[in-house]
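*Asks:*
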Amino acid sequence: MDQLTPFTPFFPDQPDTRPRLVVIGNGMAGMRTIEDLLKRDECEGRDPRDRYHITVFGAEPHVNYNRIMLSAVLAGDKTTDEIIINPRAWYEAQGITLVTGDPVVAIDAANRTVTAASGRVARFDRLLIATGSKPLVPPIPGLTLPGVCTFRDIADVEKMLAAARSHRRAVVIGGGLLGLEAAWGLKQRGMSVALVHLMPTLMERQLDAPSGQLLQRDLDKRGIAFFTNGQTELIFGTERAEGVRLADGRSVPGDLVVLAIGIRPNIDLARAAGLEVNRGIVVTDDMRTSDPDIFAVGECVEHRGQVFGLVAPLWDQARVCAAQLAGDETAMFETRPVATSLKITGIDVYSTGALMAADDADDEITLRDDNRGLYKKVVLRDGRLVGAVLYGDVADGPWYKQLIENRTDVTALRDRLVFGQAFAAGAVAGKTGPDVGAMPDNAQICGCNGVSKGAIVAAIRSRNLTTLDAVRAHTKASASCGQCTNLVAALLLQTTGPIGEVRAPGICGCTAAGHDEIRAAIRTRSLRSMTEIQAAFGWTKPDGCHKCRPALNYYLLCAWPGSYRDDPQSRYVNERVHANIQKDGTYSVVPRMWGGVTTPGELRAIADVAEKFNIPTVKVTGGQRIDLLGVRKEDLPAVWGDLNQAGLVSGHAYAKGLRTVKTCVGREWCRFGTQDSTSLGIRLEKMCWGAWTPHKVKLAVSGCPRNCAEATIKDLGVICIDAGYDLVVGGNGGTEVRVTDPLVRVATEAEVLEYTGAFLQLYREEAHYLERTAPWIVRVGIDTVRRRLIDDAAGRRALHARFLHAQQFCQSDPWAARVAGEEAHEFVRLPARVEA
Amino acid sequence: MDQLTPFTPFFPDQPDTRPRLVVIGNGMAGMRTIEDLLKRDECEGRDPRDRYHITVFGAEPHVNYNRIMLSAVLAGDKTTDEIIINPRAWYEAQGITLVTGDPVVAIDAANRTVTAASGRVARFDRLLIATGSKPLVPPIPGLTLPGVCTFRDIADVEKMLAAARSHRRAVVIGGGLLGLEAAWGLKQRGMSVALVHLMPTLMERQLDAPSGQLLQRDLDKRGIAFFTNGQTELIFGTERAEGVRLADGRSVPGDLVVLAIGIRPNIDLARAAGLEVNRGIVVTDDMRTSDPDIFAVGECVEHRGQVFGLVAPLWDQARVCAAQLAGDETAMFETRPVATSLKITGIDVYSTGALMAADDADDEITLRDDNRGLYKKVVLRDGRLVGAVLYGDVADGPWYKQLIENRTDVTALRDRLVFGQAFAAGAVAGKTGPDVGAMPDNAQICGCNGVSKGAIVAAIRSRNLTTLDAVRAHTKASASCGQCTNLVAALLLQTTGPIGEVRAPGICGCTAAGHDEIRAAIRTRSLRSMTEIQAAFGWTKPDGCHKCRPALNYYLLCAWPGSYRDDPQSRYVNERVHANIQKDGTYSVVPRMWGGVTTPGELRAIADVAEKFNIPTVKVTGGQRIDLLGVRKEDLPAVWGDLNQAGLVSGHAYAKGLRTVKTCVGREWCRFGTQDSTSLGIRLEKMCWGAWTPHKVKLAVSGCPRNCAEATIKDLGVICIDAGYDLVVGGNGGTEVRVTDPLVRVATEAEVLEYTGAFLQLYREEAHYLERTAPWIVRVGIDTVRRRLIDDAAGRRALHARFLHAQQFCQSDPWAARVAGEEAHEFVRLPARVEA
Amino acid sequence: MTPKQEWRSIGPLSAIPQRGARRLGFGIDTKPIAVFRTATDQLFAVIDECPHRGGPLSEGIVCGTTVTCPLHHWVIDLSDGVAVPPDEGATMTIPIRVIDGEVFIEMPRHMPGTGQGGAGER
Amino acid sequence: MTPKQEWRSIGPLSAIPQRGARRLGFGIDTKPIAVFRTATDQLFAVIDECPHRGGPLSEGIVCGTTVTCPLHHWVIDLSDGVAVPPDEGATMTIPIRVIDGEVFIEMPRHMPGTGQGGAGER
């Protein structure tokens, strides 16, 4: 037995004292574990290569690839190269020894070595078994005929593709996820495909009978012939496979027979090594096998009696195993609800949790529209959602899954649950997708930019546009207020047919990183400047762009309120100049009027300044203030100076920050008022003004439920009642009206202030830049907000304290500062004194 | 043969020259025809007894009764007396000769006579056959045994009741409407009931299989035993019925056997008279048989191949037949969709139109919630609703039926159709009835008045309150903004159980007449003063009350804009004094700022007046104007005088009339503006100011779909787009947010003005006093508004013209008039000069 | 009439509209006074404060012998000042009469600290 | 340089912030001029009007050698004044240079009717 020498000794001039970690299996679960392990160290600021000397054995000759995407390769949507996760260079850069095409054949647990087929021996201190699974093969005659294969790895796909080139008919055995994807891929490759399934309906472990039937109907329409209730008795053929015979006598001809009836954990090595096995390799919550130095992850394991076939729990196992390998012994694996989806273009299936009521105490609610191919079922138990099966429209799948995972009490939603999130949350009042196909070519789709349906379709066709962004860029449709985004997307879809996958939107085109990732890194890795962030995430453009720069500037300001120095050059002009730019390049000036209350003196000061500076338009705003429109940039400091003299300060009408706090006159004057809404509004405005937020924020306080301040369409509204105050959040009165969600009812003004500060801070810390509270709450769910603010009182108080802490650094009037000379260069033209 | 003498000769001293109308059958259809005939004459001002000498023959010994209610008699919910439609005295009063218990046995069509069983002969000029139907009886042995009966008339019910008193077990044969009602009635009477039905599911002609199964499940729970797929072979028994045997060998014991398998038209007489018969007596659209002087109505007829078993088409036949008998030969019968409902307490079933898709081109959408016993199915064909089956929640039944009848294009509603009207119309934004039962006693229900659940329940119990108005009066809950009305109603319902019928609300307690009735009378009867209206409708209080007087004053003003003289004493104080009363008896003053635009001069005038009159609070409103709060009543004319001097006029902030037209700055300043929204807003405000309307009206114009003027929560909003203007109506941003419905997209400002004027006039003329546009549109349906304003262009122009005509009488500043001395007494205290 | 009372003129009947009311320029102690004239020329005077929240009854709508408070629509019977059930409470009534078209009300005899002005003035 | 052109000083480089811009107090004909300084101290001058709707490019965010118009977010490459595709159009570029920390731009020689003021003034 040769002692294995590392291919790339990492510290060639020093003895390698690192413990040895050997991984058996170069598949998704094993490699994900290694990636997680390396990332942990990276996040903690240590060199990940210091911890272990890692050796990986892979049985396949390929590097690590995304097995889930094999069906995409089969269907021709991807090439083999495109599904590689980590190229060889990655292993090298990480100092990992990679052995491919040389399967491990024995584990010697006592002596801490593994032996590969080639005779190589590797010593280990820790061993990770990630041998995955093997295809289940029925015990029938004919398995060894040429033209018979399973559907498990790249070699299988290559066999199938070869058959598709030279032969005409395929039989797929198995009507689960894998079998259906195989059948569809072969169909895409031009074969005539029959599918044999043992059960009466397809995907019976993930779908109930009605949705399984819809699926079969749709695939039948696409030309796949189904033989359900079909038990395969033998594969017949002389030179090669010629077809299969079923137990009931039916015969299905085929030159290629694909076995896709399931998988079973690959446990042979572990069993031979004396580790405890059952259906799979038995692991405890810490992903250790019966030998505490030997771990196992992936489809080869059995945890609490359960084996695994979907990818999501594998990622959880990898995370836990990596933590254990890094010495964090608190990390424990637990199974969470999983969701199934089928990767066949244009077929939308989603299923999670229970497929049907377990007994009479469970409820099923179903919605069915056969002609449209729509089916939805939700299963309820004890007022909580326990399962959902969706067919045809799966948009609400993740929402249902979240409700299941959070064990949310859905009693109040029950009646509307099956209608989906938009209806159940009452978020979309009377909006559904209109039928774009029925619209005439001259129908105007984008009102802002005057773009017709015909123009959009013509642009998509003539320029082969495939993304919403591209359509937006070329036609300007949906590039302004965004209200018509759904219409434009529908037109795109209708014109091109479904296009690839949808990518989670990153922060901008300069990086693949998303908002949440970046914000987390700012905190955990203590990134304190734009340069540090850009370096950490590998920005493609050194200067960034107009999308990422303002976002990063805000994120830094929010994370480090006391120390980060604001970058005016990374702000939109309005926030840099502290006034609102108008279409002709002049500015509008809106002084703050606390709670809408003003005085004769203020009115006169505004009148005077309007006349003195020839300001052409004076207009009262819907936000209970007065707007001076058409101020020249050079005049701004002088205008502000005069307003400051009268006690008027910036109303931040230009800011992604607190705009107004609308109030009604309340108990002081109104015969219906229950509380002093005006003075409460002023207290709120005094607390909140100056705060920078992801997008603009509007508040309102109504003195009674008549709600004259329109508090239920504000970001945060307070409705006074006799017994106290109702707080409501996440409303919007603009492009798309959204009524607030109720947050909490409190008894005192002090509580109103605490909840408001905490809510704003939660929004400041967790929403994406340019995301209003309404879409933020739709995205994270009002329950999350309630949990953070109501259930977690300590968390609420901490949020409120952080809000107040941040406020001390920004509550100074920016107008006064500029009147005093700050950023003076901004308001003069060059040369500073004009030459004759 | 005796010649029949009328029992009560009507004009004993004159020869009776009236033509003779003989009616065979004293049932519902025949008598409804006679009632309709008499009513027609009454409405035309002639004595109904002049037209015909009417003789009615009834086979049963009873007077005319409501056969539909026989099941209620059987179940013990009603007595026989309670289901009588017309007592003998009515026949006498109408001069009708009534012969009961003497069935007609022959019609001599040639000689125009009928002969009764007693030998009586009656001559006729016109004959109406209304012989109804006979129960269908299967050809099986045992029919003649005692204890076997049908379920058709009072005699049958009496037999069944007798059996229920003396025997224990009943078998009902037939699982249709009648059989189920019979079974339930017998169950209610204490019998043990089995029901045998030939088909696999119940009521298969009215319900599809799933709803039929739900029905069976619910009735099974109530103790009825079902034998479906049960073909009765014979009724066994010796002395009396002892049970039935089914073809499959099952035997069902029973001392009473009720045959309720259906009905067939009673056509024997007509056939013998030589009239054309088929399944029924064949009638043409004018309800004439093959002999043009002989008519037929009811379950005995066959019209265009169809026979009838439900009551609604019978009423239509009666109306047409009465018209024909009265000489109106244009009246034609046509079948309309009918709806079925089952009269079993607590079982809600509704079905109308097609039960299921006829072929692949039809769509079915179903919603099912078994545990709750909820099932809904709608059937669509070519974008239109053609059927609906509801089980468990039938509230939307009439709405579906109307959609079917109107052949409404439901394409846009399709996705939400099955969710019901509230969801489909988008009227209810995220509101459903919360579970009041689950609320704690100290939960505050009415925020305005601080009333808890406990207080409301206590008041209902201690004072035996039974109406919402009474609860409101005693507790003040829901007496202010009304937002909690549904909660209070739910508490009332929960505390008292269901209470009587709901009465359509009248205008006030002074009269039973409703708003629409009164408005119609004002126009059609040219009522021109409150006194005339009160006289016409019999007011209980000569002076009316504070509810009806303002309403009538408005209705008169709206109907007779040029001539009716406004009654200040019938106006709420705000409209009388032209300022808004505050809780301390002072007033607020809000001058108009056209489109929100103001000037330095106006701001100074407001500042000056605030100081001069010591006005304590100056506040900017959400309606883009400035509010002066706390003005003494005596100061009002002087304050207005000073404001008038600066060109400021009343903003009508106190009126049920046009309040503000909010605008954004639009194309003039905003980089996103597509049209000049501010100047359009000002044009609208100039056109509309001063108009009195049923409730306050707010308008807004947004310069682009970003919608900064929040046009989608206004009574009427305009959203400028590049290609023109979108008009939206019926929004509300206050107590309950309602998003506008789209009305129309137009290209020019002129069209915006025309549609706005027409919309406001439609609202002025047809809404109820104190009804905002939002509830008005919910009540009448946006489709009605669209039909009146879009489809009927001439109607729209007429409405707009009427609006402009009315405006000329009210567009004068009420403040200026009072400054000039009008209503001067209003603003001085008595004595005019205070005595020392 | 006790010596402590006096009848005081408040001007001609024509100064009060039918189905209308007026507040007086003087009150009783700190309380304002309202006078009412019905459709049939009956006259009433009461303290101009609704028993509910003190609303000015003189600004309400007069129907028969009742007035509806303008603030929250309580209905007060002017003949006895009592709120129409189920509302509860009452405002004080004051004797009033007309002689030759001139209206008089019965007031406490003028004493220092009472009289003109009163609470109606803010 | 033709006799019709002249280099004109617009002051010290330090008057323009890095990744920033300034508008000049004079223009060319009726057109305002914007000067830009990048993060790496490259300088550019262009007519201060976005080819889309004339927005003031000098108020935009500067990234690399591009500026984003503040009105509707068109991106203009400062090196040639051309809009980044798919947008189309261009604004005129003007020669600019720095000598000893002082910035000069090349202007048409002063003629009556041009020069200071220009369109930037309303």
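Residue numbers (the working numbering), protein chains in the order written: chain A, 1 to 836; chain B, 1001 to 1836; chain C, 2001 to 2122; chain D, 3001 to 3122.
Just so you know, even glycine gets a beta-carbon here, dropped at the ideal spot from N, CA and C.
1) Identify the contact partners of E3059 (chain D) in chain A, using a Cβ-Cβ distance below 7 Å as the criterion.
2) Should V1418 (chain B) and K1376 (chain B) be called a contact, given that it needs their Cβ atoms to be closer than 8 Å?
3) Would you kindly work out how many angstroms separate the C-alpha atoms of E575 (chain A) and I3076 (chain D), rounded to a whole number?
4) Using a Cβ cut-off of 8 Å (strictly closer), state whether T1100 (chain B) contacts chain A.
5) Which chain A residues sit within Cβ distance under 7 Å of L3024 (chain D)?
6) Does DSSP classify I782 (chain A) as helix, strand or coil?
7) Run through chain A and tell me which residues come within less than 8 Å of E1629 (chain B), C-beta to C-beta.
8) If you measure from the beta carbon of S1570 (chain B) to each beta carbon in chain C, is any gap under 8 Å?
9) Exposed or buried, what is C43 (chain A) when buried is set at 16 or more other beta-carbons lying within 10 Å of its beta-carbon?
10) Could you give the distance in angstroms between the alpha-carbon of D291 (chain A) and the alpha-carbon of R112 (chain A)?
11) Give the secondary structure of T693 (chain A) by DSSP, where H, G and I count as helix, E and B as strand, and everything else as coil.
12) If the cut is a Cβ gap below 8 Å, which residues of chain B does T2068 (chain C) touch?
13) Any Cβ of chain A within less than 8 Å of the Cβ of R3019 (chain D)?
14) Interface residues of chain A around F1151 (chain B) at Cβ under 8 Å?
15) Which residues share a DSSP beta bridge with R288 (chain A)?
16) On the three-pair Cβ rule with 8 Å, is the segment 1541-1556 of chain B touching the segment 2021-2033 of chain C?
17) Determine the direct distance from the alpha carbon of R1368 (chain B) to that of D362 (chain A), and round the result to whole angstroms.
18) Could you give the C-beta distance for D697 (chain A) and G681 (chain A), rounded to a whole number, given that I count them as a contact under 8 Å?
19) Buried or exposed: which applies to T1352 (chain B), given that a residue is buried once 16 or more other Cβ atoms fall within 10 Å of its Cβ?
20) If you count every other CB in all the chains shown that lies within 10 Å of the CB of W1184 (chain B), and 16 or more means buried, which is it?
21) Report the CB separation of V1488 (chain B) from E1826 (chain B) in whole angstroms; it is logged as a contact under 8 Å.
22) Among A:G142, A:F308 and A:M332, which residue has its Cα nearest to the Cα of D285 (chain A)?
23) What runs of the alpha helix (DSSP H), each 4 residues or longer, lie entirely inside the segment 1074-1139 of chain B?
24) Using a Cβ-based criterion (distance less than 7 Å to any ligand heavy atom), does V1701 (chain B) qualify as near the ligand SAM?
25) Taking Cβ positions, are H1053 (chain B) and R1088 (chain B) nearer each other than 8 Å?
26) Near A750 (chain A), which residues of its chain fall below 7 Å by C-beta distance, leaving aside the five closest residues on each side in sequence?
27) With distances taken from CA atoms, which of A:C664, A:V589, A:R667 and A:H652 is nearest R632 (chain A)?
28) Between the Cα of A774 (chain A) and those of A:A816, A:S812, A:H695 and A:L830, spot the shortest distance and give me the residue it belongs to.
29) Quick one, which of A:D108, A:A109, A:R51 and A:I154 has its alpha-carbon nearest G101 (chain A)'s?
30) I3105 (chain D) bridges to which residues according to DSSP?
31) Would you kindly work out how many angstroms separate the C-alpha atoms of E1501 (chain B) and T1467 (chain B), rounded to a whole number?
*Replies:* Concretely, from the data shown:
1) Within the fourth sequence, residue 3059 (chain D) is the residue found at index 59, counting from 1. Going along chain A in sequence order, the residues near E3059 (chain D) (Cβ under 7 Å) are V573 and I581.
2) Indexing the second sequence from 1 puts residue 1418 (chain B) at position 418. Indexing the second sequence from 1 puts residue 1376 (chain B) at position 376. Judged by beta-carbon spacing, K1376 (chain B) lies within the 8 Å limit of V1418 (chain B), meaning their Cβ atoms are closer than that value.
3) If you number the first sequence from 1, residue 575 (chain A) lands on position 575. If you number the fourth sequence from 1, residue 3076 (chain D) lands on position 76. Answer to the nearest angstrom: the Cα atoms are 21 Å apart.
4) Numbered from 1 along the second sequence, position 100 holds the residue referred to as residue 1100 (chain B). Taking 8 Å as the threshold, the shortest C-beta distance from T1100 (chain B) to chain A does not fall below it.
5) Here residue 3024 (chain D) refers to the residue found at position 24 when the fourth sequence is read from its first residue. At a C-beta separation below 7 Å, L3024 (chain D) has these neighbours in chain A: R829 and L830.
6) Within the first sequence, residue 782 (chain A) is the residue found at index 782, counting from 1. Helix, per DSSP.
7) Reading the second sequence from its first residue, position 629 is the one you call residue 1629 (chain B). The sequence given here has Leu at residue 1629 (chain B), not Glu. Neighbourhood of L1629 (chain B) in chain A, by CB distance below 8 Å: V665 and W669, in chain order.
8) Here residue 1570 (chain B) corresponds to residue number 570 of the second sequence, with the count starting at 1. At least one beta carbon of chain C lies nearer than 8 Å to the beta carbon of S1570 (chain B).
9) For the purposes of this step, residue 43 (chain A) is taken as residue 43 along the first sequence, with counting starting at 1. Burial call: exposed.
10) Working through the first sequence from its first residue, we reach residue 291 (chain A) at position 291. Working through the first sequence from its first residue, we reach residue 112 (chain A) at position 112. Those two C-alpha atoms are separated by around 11 Å.
11) For the purposes of this step, residue 693 (chain A) is taken as residue 693 along the first sequence, with counting starting at 1. DSSP places T693 (chain A) outside both helix and strand once states are collapsed to three, so it counts as coil.
12) Here residue 2068 (chain C) refers to the residue found at position 68 of the third sequence. Contact annotation for T2068 (chain C) against chain B: C1545 and H1546 [CB-CB distance below 8 Å, chain order].
13) If you number the fourth sequence from 1, residue 3019 (chain D) lands on position 19. Interface residue, yes.
14) The residue you call residue 1151 (chain B) lines up with position 151 of the second sequence. Taking a Cβ-Cβ threshold of 8 Å, none of the residues of chain A is close to F1151 (chain B); the smallest such distance is about 34 Å.
15) As a position in the first sequence, residue 288 (chain A) is number 288, starting the count at 1. A:F295.
16) Flag = no, the segment 1541-1556 of chain B and the segment 2021-2033 of chain C do not touch.
17) What you label residue 362 (chain A) is simply residue 362 of the first sequence in a count that begins at 1. What you label residue 1368 (chain B) is simply residue 368 of the second sequence in a count that begins at 1. Their Cα atoms are separated by approximately 14 Å.
18) Taking the first residue of the first sequence as position 1, residue 697 (chain A) is located at position 697. Taking the first residue of the first sequence as position 1, residue 681 (chain A) is located at position 681. First, the amino acid is wrong: residue 697 (chain A) is Val here, not Asp. Contact doesn't hold; Cβ gap of about 14 Å is too wide.
19) Position 352 of the second sequence, counted from the start, is the residue given in the question as residue 1352 (chain B). Buried.
20) Your numbering for residue 1184 (chain B) matches position 184 in the second sequence. Classification for W1184 (chain B): buried.
21) If you number the second sequence from 1, residue 1488 (chain B) lands on position 488. If you number the second sequence from 1, residue 1826 (chain B) lands on position 826. Their Cβ separation, rounded to whole angstroms, is 37 Å, which puts V1488 (chain B) and E1826 (chain B) out of contact at 8 Å.
22) For the purposes of this step, residue 285 (chain A) is taken as residue 285 along the first sequence, with counting starting at 1. Check the Cα spacing between D285 (chain A) and each of A:G142, A:F308 and A:M332: the tightest is with A:M332.
23) The DSSP assignment places complete alpha helix (DSSP H) segments of no fewer than 4 residues inside the segment 1074-1139 of chain B at 1088-1093, in order along the chain.
24) With respect to small molecules bound, the structure shown includes none, and the ligand SAM cannot be examined in it.
25) Within the second sequence, the letter at position 53 stands for residue 1053 (chain B). Within the second sequence, the letter at position 88 stands for residue 1088 (chain B). Contact annotation: H1053 (chain B) and R1088 (chain B) have beta-carbon atoms that are not nearer than 8 Å.
26) In the first sequence, the residue the question calls residue 750 (chain A) occupies position 750. Beyond the five residues adjoining it in sequence on each side, A750 (chain A) comes within less than 7 Å, by CB distance, of no other residue in the same chain.
27) As a working note, residue 632 (chain A) is residue 632 in the first sequence. The shortest C-alpha separation from R632 (chain A) is found at A:V589.
28) Mapped onto the first sequence, residue 774 (chain A) falls at position 774. Nearest C-alpha to A774 (chain A): A:H695.
29) Locating residue 101 (chain A) in the first sequence gives position 101, where the first residue counts as 1. Checked all of A:D108, A:A109, A:R51 and A:I154; the closest Cα to G101 (chain A) is A:I154.
30) If you number the fourth sequence from 1, residue 3105 (chain D) lands on position 105. Its beta-bridge partners are D:R3008 and D:I3096.
31) What you label residue 1501 (chain B) is simply residue 501 of the second sequence in a count that begins at 1. What you label residue 1467 (chain B) is simply residue 467 of the second sequence in a count that begins at 1. In this prediction, E1501 (chain B) has a pLDDT of 30, which is less than 50 and means its spatial position is unreliable; nothing more can be read from the coordinates.
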